[in-house]
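Which chain is which? The protein sequence lines are A and B, in order.
For the first sequence, my numbering assigns the number 1 to the initial residue and increments by one for each residue that follows.
For the second sequence, my numbering assigns the number 1001 to the initial residue and increments by one for each residue that follows.
See below for the structure under consideration.
Protein chains: 2
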Amino acid sequence: MSTIKQTRWLTRDEKQCWVVFVQLLTVALSRLESQMQADSGISHYEYGVMARLSEAPRRTVVLSQLADMSNGSLSRLSHAMRRLERHDWVRRSPCASDGRLTEATLTDAGMAKVTESAPGHVRMVRSLVFDALTPEQSAQLRDISLAILNHDRSKTAD
Amino acid sequence: MSTIKQTRWLTRDEKQCWVVFVQLLTVALSRLESQMQADSGISHYEYGVMARLSEAPRRTVVLSQLADMSNGSLSRLSHAMRRLERHDWVRRSPCASDGRLTEATLTDAGMAKVTESAPGHVRMVRSLVFDALTPEQSAQLRDISLAILNHDRSKTAD
DNA sequence: AAGAATAACTTGAACAGTCAAGTGATTGGA
DNA sequence: TCCAATCACTTGACTGTTCAAGTTATTCTT
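Rendered as C-alpha cells:
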C-alpha cells in the first residue's frame, strides 16, 4: 500500500465559496488600508497598534503582547514603533521588573491621533461589512471566523 | 442644524464580530502565503496568476483582465510577470487586434509548476477553512462574502 | 481628419514587511 | 554557581507593493 495520499480536491460548492472568500480577503484589507491612508496618513496596522494601546490600562502594553494583539510579528511591530515614535505618538521604556521587556505607551498626541482617526475607520467598517449584512449574517460571520481561528490554533499548537 | 454627523459607533455584537473577522483576514492570508512560499517558493499571488492562466483557453489571458481575476493592480501584475518570465513560466506577447493589449501565456514549465504546487495549496485551503466549518457554514460564508463584495461594488461604481 | 482624451501597459523611486543574525537579560540545569 | 538555553527585542538586507510619471496605441470629438 502506498503512503502517498492522493489530493482531495475541492468540490464545486467548496471552490465557489473559496473563490469569493479569497476575493473578500483582498478587497476588505485593501479598503481598510486605503481609507486609513487617505484620511489619516497612517496604515491600518499602525492604527490598530495605537488603538490597542488606547484601550489598555495606563495606555501601556509590553511589546510582545502588543505584537500578538495587533496580529503581526514582533519585528513588524518594532519597525512600526520606530515610525510612530518619530511622530511622538508612542514612547518606549524598559520594564522595571524584567529587563528583557519593553513597554509601549501611547502619548497624548497619539491618543489625539487615534481619536481623530476612529470615526472614519468605523464608517468604513460599517459601510463595508455591517451595512451589507443582516444581523443574523453578522452573527454567522463571527461564528465562522471563530471556528476557523480556533481550528487553526489547535493545529498550530505545539 | 449641524451638518456634522456624529459617529455611529459599533454595537457590542458588531465590535465582537469585527475583531475576530479582522484577525481572520490576517491569519488566513498569512497561512496561505507561508504554505506557498515554503512548499513551492512562490507567493500566493504568483500562484493565483498562474492558476488563472492554467484554466483559461489557450492558457492565455490579456493582462488587464488577468489583473482583475487575480485581485491586484495592473502595476503589481506587471512586476510579477517580470519575475515569472525569468523562470520561463509565462510569456508575454502583443495582441494582434489591439496594439494596446498584451497577452500573457502560461508555458509548459509554468503549467508544470502549477500542477506541482496545487496539491499543497488545496490541502492548506481544506485544513484551514473547510475542515473547520460545517457545510451550512461554508454556504453562509459564500453568501456573506458575496453580500459584502456586491454591496462594495455598488458603492464603488461610478 | 486632426487633436484631445482615454486606455493599456511599463518603469523607477519610495517604503513597508520578512527573514536571519545579533545583542542583552533571565532562567534552568548539572 | 556557572554555563547553556531561552526570551525579548533590534537591526539590516532583501524583496514585494504602491504610487506617480511616462510611453505607445486607440477612440472619441468636432
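Ideal placement from N, C-alpha and C gives every residue a C-beta, glycine not left out.
Sequence-distant Cβ neighbours of residue 1062 (chain B) in its own chain, meaning closer than 8 Å and more than five residues away, are 1095, 1101, 1102, 1103 and 1104.
125, 126, 127, 128, 129, 130, 131, 132, 133, 135, 137, 138, 139 and 140: these are the residues of the stretch 125 to 140 of chain A whose beta carbon lies less than 8 Å from some beta carbon of chain B, given in chain order. Counting of Cβ neighbours within 10 angstroms places residue 155 (chain A) among the exposed residues, the total staying below 16. Around the beta-carbon of residue 110 (chain A), 16 or more other beta-carbon atoms lie within 10 Å, marking it buried.
Comparing alpha-carbon positions, the option among B:1013, B:1137 and B:1106 lying closest to residue 1054 (chain B) turns out to be B:1106. Counting of Cβ neighbours within 10 angstroms places residue 1079 (chain B) among the exposed residues, the total staying below 16. Under the three-state reduction of DSSP output, residue 1105 (chain B) falls in the strand class.
In the DSSP assignment, no residue is bridged to residue 1119 (chain B). Comparing C-alpha distances from residue 1011 (chain B) to each of A:153, A:130, A:149 and A:148 shows the shortest one belongs to A:130.
Between residue 113 (chain A) and the set A:151, A:26, A:140 and A:46, the nearest pair of CA atoms involves A:46. Listed in chain order, the beta strand (DSSP E) runs fully inside the stretch 58 to 109 of chain A are 60 to 62, 90 to 94 and 102 to 106, counting runs of at least 3 residues. DSSP, read as helix, strand or coil, puts residue 1005 (chain B) in coil. At least one C-beta of chain B is nearer than 8 Å to the C-beta of residue 152 (chain A). Apart from sequence neighbours up to five positions away, the residues of its chain that approach residue 1029 (chain B) with a beta-carbon distance below 8 Å are 1044, ordered along the chain.
DSSP places residue 133 (chain A) in the coil class of the three-state scheme, outside both helix and strand. With contacts defined by Cβ atoms closer than 8 Å, residue 1052 (chain B) and residue 1124 (chain B) do not form a contacting pair. Among the residues of chain B, those whose CB is under 8 Å from the CB of residue 146 (chain A) are 1020, following chain order. With respect to residue 1039 (chain B), residue 1120 (chain B) sits close: the two C-beta atoms are nearer than 8 Å.
In the structure shown, residue 1148 (chain B) falls within a helical segment according to DSSP collapsed to helix, strand and coil. In this structure residue 1006 (chain B) is exposed. Its beta-carbon is surrounded by fewer than 16 other beta-carbon atoms within 10 angstroms. Secondary structure of residue 1156 (chain B) (DSSP, three-state): helix.
Taking 9 Å as the Cβ-Cβ cut-off, the stretch 1026 to 1037 of chain B approaches chain A at 1026, 1027, 1028, 1029, 1030, 1031 and 1032, given in chain order. A direct Cα-to-Cα measurement between residue 56 (chain A) and residue 26 (chain A) gives close to 30 Å.
Around the C-beta of residue 1132 (chain B), 16 or more other C-beta atoms lie within 10 Å, and the residue is accordingly described as buried. The three-state reading of DSSP puts residue 25 (chain A) in helix, counting H, G and I together. In the three-state reduction of the DSSP assignment, residue 1030 (chain B) falls in the helix class. Close CB contacts of residue 1081 (chain B) within its chain, under the 7 Å cut and outside five residues either way in sequence, are with 1090, 1092 and 1104 (chain order).
For the stretch 1100 to 1128 of chain B, the set of residues with a beta-carbon nearer than 8 Å to any beta-carbon of chain A comprises 1118, 1119, 1122, 1123, 1125, 1126, 1127 and 1128, in chain order.
At a cut-off of 8 Å, the C-beta of residue 95 (chain A) has no neighbouring C-beta in chain B. Chain-order list of chain B residues neighbouring residue 142 (chain A): 1016, 1017 and 1020, by C-beta distance under 7 Å.
Residue 8 (chain A) has its alpha-carbon roughly 8 Å from the corresponding atom of residue 1122 (chain B). About 7 Å separates the beta carbons of residue 1077 (chain B) and residue 1049 (chain B), which is inside the 8 Å limit, making them a contact pair.
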